[in-house]
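Numbering (this note's numbering), first residue to last: 4 to 143. Virtual Cβ for every residue (Gly too), placed ideally from N, Cα, C. Given the structure is predicted, the values throughout are model-derived calculations rather than measurements. Notes to accompany the following structure.
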């Protein structure tokens, strides 16, 4: 599994992510996936605090899983983010949602000029430090 960083806020340029590291992870954290199917990013920022994804947490994601409304690692115009996506086929748009009221939703419209790339669905959150109370904290 490889490790890079993603913003949970306004985003960071992909060019800032030059440090890629292979990390060991327990198979039970990623089951039924294999290590070569999973990638990891370190979260930077507070936009996902509402669902206990905090600054310096590690999220594990599966690049092959890109469907449905869920939490994803995404890129918008080369800014890597961890966000909730709501797909709206009727209006030909995707709502990019933070889990912190400080951040307004972003609406990405088909042919709207913004480039949205869904990098993969988040399957695990490993908490390093979190100010929020959370019962199922896994420290790494």
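Spatially closest choice to residue i from the options, by CA coordinates
i           : options       : result
residue 82  : 121, 52, 74   : 121
residue 109 : 123, 128, 86  : 86
residue 91  : 113, 131, 106 : 113
residue 115 : 131, 95, 105  : 95
residue 131 : 71, 60, 40    : 60
Contact check, residue i vs residue j, beta carbons under 8 Å
i           : j          : result
residue 58  : residue 46 : yes
residue 76  : residue 97 : no
residue 84  : residue 73 : no
residue 129 : residue 79 : no
Own chain residues within Cβ distance below 6 Å of residue i, not counting five before or after
i           : result
residue 127 : 32, 63
residue 125 : 62, 64, 74
Contacting residues, own chain, Cβ-Cβ under 8 Å from residue i (five flanking each side not counted)
i           : result
residue 123 : 42, 64, 65, 66, 67, 68, 69, 75, 76
N-terminal and C-terminal residue of the beta strand (DSSP E) that residue i is part of
i           : result
residue 89  : 82-91
residue 109 : 109-112
residue 131 : Segment: none, residue 131 is in no beta strand (DSSP E) and carries neither H nor E.
residue 100 : 96-100
Cut-off 7 Å between Cβ atoms - residues of its own chain near residue i, not counting five sequence neighbours on either side
i           : result
residue 53  : 102, 103
residue 100 : 86, 87, 89, 108
Completely contained beta strand (DSSP E) runs for the segment 32-72, where each covers 3 or more residues: Counting only runs of 3+ residues, the beta strand (DSSP E) found wholly inside the segment 32-72 occupies 42-47, 61-65, in chain order.
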